[in-house]
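Right, one structure below, let's go through it.
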Amino acid sequence: MAKSFSVKKLIIHVFILSFGLVMLYPVIWMVSSSLKPEYLIFSQPGLWPSEITFDNYINGWNIVRNMTFGVFFQNSFIIATIAVIGNLITCSMAAYAFARMNFPLKRVFFALMLVTIMLPSHVTLVPQYAIFHSFGWIDTFLPLTVPKLLATDAFFIFLMVQFFRGIPKELDESATIDGCGPIQIYYKIILPLASPALLTTAIFTFIWTWDDFFSQLLYLNTVSNFTVPLGLRLFLDSQGQSAWGGLLAMSVLSLLPIMILFFFFQRQIVEGIATTGVKG
Amino acid sequence: MLQKRKNYLIAYMFLLPWFIGFFGLVVGPMISSLYLSFTQYDLLTAPQWVGAQNYVEMFNDRKFIASVKVTTTFVVIGVPLQLIAALFIAMLLNKGLSGIGFYRTVYYIPSLLGGSVAIALLWKNIFGMNGIFNDFLGIFGIAGRGWVSHPDYAIYTLIALATWQFGSSMVIFLAGLKQIPGELYEAASVDGANPFMKFKAITLPLLSPVILFNLVMVSISSLQVFTSAYIVSEGSGGPANSTLFYTLYLYQKGFSFFEMGYASAMAWLLLIVIALLTAIIFFSSKYWVHYEYGGKS
Chain A
1 MAKSFSVKKL IIHVFILSFG LVMLYPVIWM VSSSLKPEYL IFSQPGLWPS EITFDNYING
61 WNIVRNMTFG VFFQNSFIIA TIAVIGNLIT CSMAAYAFAR MNFPLKRVFF ALMLVTIMLP
121 SHVTLVPQYA IFHSFGWIDT FLPLTVPKLL ATDAFFIFLM VQFFRGIPKE LDESATIDGC
181 GPIQIYYKII LPLASPALLT TAIFTFIWTW DDFFSQLLYL NTVSNFTVPL GLRLFLDSQG
241 QSAWGGLLAM SVLSLLPIMI LFFFFQRQIV EGIATTGVKG
Chain B
1 MLQKRKNYLI AYMFLLPWFI GFFGLVVGPM ISSLYLSFTQ YDLLTAPQWV GAQNYVEMFN
61 DRKFIASVKV TTTFVVIGVP LQLIAALFIA MLLNKGLSGI GFYRTVYYIP SLLGGSVAIA
121 LLWKNIFGMN GIFNDFLGIF GIAGRGWVSH PDYAIYTLIA LATWQFGSSM VIFLAGLKQI
181 PGELYEAASV DGANPFMKFK AITLPLLSPV ILFNLVMVSI SSLQVFTSAY IVSEGSGGPA
241 NSTLFYTLYL YQKGFSFFEM GYASAMAWLL LIVIALLTAI IFFSSKYWVH YEYGGKS
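Line by line, the protein sequences are chains A and B. According to UniProt numbering, numbering within the first sequence proceeds without interruption in unit steps and concludes at 280. According to UniProt numbering, numbering within the second sequence proceeds without interruption in unit steps and concludes at 297.
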C-alpha cells in the first residue's frame, strides 16, 4: 500500500514538473535566444546556444537613433515610483479615515468607493482624456501619475481598510490618553503596524504600472517620453528578421525588474493573491 | 461638540485626495461619458447631441459586431479553460507533495509576466511562421502556418496566452483547497468513495465560493483584454478583424477615428454587460455556491 502510494506521488511529480517546463519553455527560449547570434535564433531550435553573444542586447539597446533603451527604463521607473508613493500615501490616508474615524456620510462614501473597484476604466476614459487635454497634459507623465496621487486605485484603499481594521483599537485609545491626535495615530501607530499591507500595495502598484500599456499608449506620443512597453512596441515598426534579436533581448530586460521583485517578495506576492484575490 | 467637529474636519482632510480623485476623475467623468455617449464628439469641437444614434449605429456596424463576437469567443472558451487548468493543477499540488512552493512559483510565473508587452511580442513570435510552435509541430511532421496571421486561428493563440496565465487563479484555488478539512476526505474513503465522487461531493461544493470569485474576476478581466490583441495584431485587430477585441475597437474609435461619442457609448455598454454578467453570476450562485459545509448539498 505504502509503496504504490509513493509511486503515485512520483507520477504526479513527474507530470507537474514536465508540464511546468512546457509552461516555462517560451520564457526560457526567449532568454536563451536573446543570447544567440541573430542568424542562429530561428535556425537552431535547441535551447543551449552554441555561441553566446551580447550583440542583441547592444543592438536592441540602441534601436532608436540618438537614444537608448535607458531613456525608456528611466521613464518607466519615474512613473512607477511616483505611482507607488502616491498610492501608499493617499490610499492609506483614505483607508485610515474609513477604518478609524467617524464623519457624516461615511457609509455612503465607503459603499461608493467599493463600487469603483469593479468599474471598467473605459467608462471614464474619454472625459479623463478631455480633462487632461484641456490642462495641456497630453504627452507628459502627469495623466499617468496625478491620478495615483488622488487615491483612484480604490482596490488598495479596500485592502488597507481591511488590514487597518485588524489593528487593535486599544492601541489608538492608549495613544489618545498619551495625548496623540488622529494624525499622530495615523503615522505613529497605524502606518508602522500596517507595513504588510503597504508592501503588498507597493509591489502590485509597481508591477501594474510597469506593465501598463493602455494608458501609456494613450497619453505618451514623443519617443523621448516613451516607457519600456512603448519602446518594445517600436520593434513592431522595424519588423523583419533582423529586429528579432534586439527585441528578444530588450523583452528580457523589460521583465527583469518584475522578476527581481518577485524573487525578493515571493511570499508577499503569493499571499497577497491568495488572501485578497488581487490579480497578479 | 467642538472636538467632534474638529475630528470630522480631520477625517475629511484625510479623505481629501480621494474626494478630488473620486469626484474629479471618476464620478464626474462617468456622468460626462454617459452624456457624451448621446453625442457626436471629436475632442476639438463641442459635442453635438444626436440622441441614441451611437447605440443604434452599433447594431449596423460590422466591425462592432465582429468585436463582440471575438470578445465573446475569447471569454466563453478562455475563461473555462483557465479555471479548469487552474483547479486541476491546484488539486494536484494539494496532494501533500514536497516542493509545492517551487511548483507554485513555476506555475505562477506566466501570470506574473503574461500581461506585459514583452510576452505578447514573444507570443507573436512563437506562433509566427518561423516560431517554435511550428518547430514543435515539425517533430510530428505537421506542416505549420503563420498562426497569428491567419483569421481562423489568431484568436486561439490569444486564448492560449490567456490560458497560459492560469497561475494566479491557481494560487487562489490552492488557498481555498487548504481550507477543506482533510477528515472529510478520510471519512469519504472509509465510506468507499472513489476520487471522482470525492471531487463531486466534497471539493466542488466546498470550493464553490472560491470558484465563484475566480469566475467573476477572470470573466471581467477577460472582457477587457487589450494589450495582447493590440500587440499581436499591431493595433489593427486583424487579420480580418479576427482579433478585434471590444476594448481595442473602442480605442480605435475613440483615439484613431476620434469618434469619442461612439467610444463612450461602447464603454457604457461594456459597463452594463459587466454589471449584468456579475449580477447573473451572483444570482445563479444561490443554486451552486455553498457557504458552509453541512448546508445543502
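All residues carry an ideal CB built from backbone N, CA and C; glycine is no exception. Quick caveat: nothing in here was measured; it's all calculated off a predicted structure.
Between B/S242 and B/V70, the gap from beta carbon to beta carbon is short of 9 Å. Put simply, the CB of A/R165 is far from chain B, with every gap to its CB atoms at 9 Å or more. Sorting A/I273, A/W244, A/V270, A/F264 by C-alpha distance to the C-alpha of A/V31 places A/W244 at the top. Straight-line spacing of the CA atoms in A/P168 and A/S174 works out to 11 Å.
Here A/P120 is not near B/Q82, since their CB atoms are 9 Å or more apart.
Against chain B, the CB of A/A111 has no partner CB under 9 Å away; the residue lies outside that interface. Between the region 187 to 198 of chain A and the region 154 to 168 of chain A, the count of Cβ pairs shorter than 8 Å is three or higher; the stretches touch. Remark: C-beta atoms of B/K95 and A/I12 approach each other more closely than 9 Å.
Interface residue (Cβ-Cβ distance to chain A less than 9 Å): B/T247 is classified as such. The residue among B/Y262, B/I100, B/I172 with its C-alpha nearest the C-alpha of B/V218 is B/I172. Under the Cβ criterion of 9 Å, B/I126 is counted among the residues facing chain A. Looking from the CA of B/L122, the closest CA among A/G181, A/R233, A/I183 belongs to A/R233. Burial state of A/G46 is exposed, judged by a 10 Å Cβ sphere holding fewer than 16 other Cβ atoms.
Distance from B/Y41 to B/M260 at the Cβ level is roughly 4 Å; contact confirmed, criterion being Cβ atoms closer than 8 Å. For the 9 Å CB-CB criterion, B/F226 and A/F213 form a contact.
DSSP places A/T81 in the helix class (H, G or I) of the three-state scheme.
Membership of B/N7 in the alpha helix (DSSP H) is indicated by the continuous run 2 to 21. A/L220 counts as buried, since no fewer than 16 other beta carbons sit within 10 angstroms of its beta carbon. At a cut-off of 9 Å between beta-carbon atoms, B/V117 makes contact with chain A.
Residues of chain A whose Cβ lies closer than 8 Å to the Cβ of B/S242 do not exist, since the nearest Cβ in that chain is about 18 Å away. Exclusion of the five residues before and after A/L171 leaves I189 as the residues of its chain whose Cβ lies within less than 7 Å of its Cβ.
Between B/V79 and B/P209 a beta carbon distance of about 17 Å is seen, past the 8 Å cut, so the two are scored as non-contacting. Judged by DSSP secondary structure, A/A243 falls outside any alpha helix (DSSP H); it is assigned neither H nor E.
Using a Cβ-Cβ cut-off of 9 Å, B/R145 does not count as an interface residue toward chain A, since no Cβ of chain A sits closer than that to its own.
Within a 10 Å sphere around the beta-carbon of B/I65 sit fewer than 16 other beta-carbons, which makes this residue exposed. A/T209: member of the alpha helix (DSSP H) spanning 195 to 211, first to last residue. Residues G245, G246 of the same chain have their beta carbon placed closer than 7 Å to that of A/N59, with the five preceding and five following residues left out of the count. Per DSSP, reduced to three states, the secondary structure at A/Q44 is coil, with no helix or strand assignment.
B/S228 sits buried, since 16 or more C-beta atoms from the chains shown fall within 10 Å of its C-beta. The alpha-carbon separation between B/G138 and B/G144 amounts to approximately 7 Å. For A/T276 and B/L215, the gap between their C-alpha atoms comes out near 15 Å. For A/G277, the chain B residues whose Cβ falls inside 7 Å of its Cβ are I172, F213, M217, in order along the chain. A/I63 is a Cβ neighbour of A/F235, given a cutoff of 9 Å. Within the DSSP bridge table, the entry for B/W49 names B/T39 as partners.
CA-CA distance, B/I20 to A/Y57, rounds to 44 Å.
For A/Q162, no Cβ of chain B is located within less than 9 Å of the residue's own Cβ.
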